[in-house]
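Numbering (our numbering), first residue to last: 11 to 87. We put the CB at the ideal spot given by N, CA and C, even for glycine. These figures come from a predicted structure and were not determined experimentally. Structure first, then comments.
Okay, here's the thing in structure tokens:
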């Protein structure tokens, strides 16, 4: 495999148990965040209200040295 070739991936598997809540599993493969793992995985939760979405993603929750969080804010137009 060439060193300058890389595939970036972000995947989610979620469920909406309530109209305003979405929860699930998340995984990403990236070279932007340097860890010992090639693939970071974790869980997420999103709150939805009208056309706005607020989310939190927790990656590597079982590894305190490589744990990190991503926050998101979305809007539908």
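Chain B contact for residue i (CB, 9 Å cutoff)
i          : result
residue 22 : Absent from the structure is chain B; it holds one protein chain and no more.
Residue i - partner residues in DSSP beta bridges
i          : result
residue 22 : 36
residue 67 : 54 and 80
residue 59 : 62
Residue i classed as buried or exposed, judged by whether at least 16 other C-beta atoms fall within 10 angstroms
i          : result
residue 67 : buried
residue 84 : exposed
residue 16 : exposed
residue 34 : exposed
residue 54 : buried
residue 81 : exposed
residue 87 : exposed
7 Å CB neighbourhood of residue i in its chain, flanking five on each side removed
i          : result
residue 26 : 32
Cutoff 6 Å; reference residue i; Cβ partners in own chain excluding five residues on either side
i          : result
residue 40 : 18
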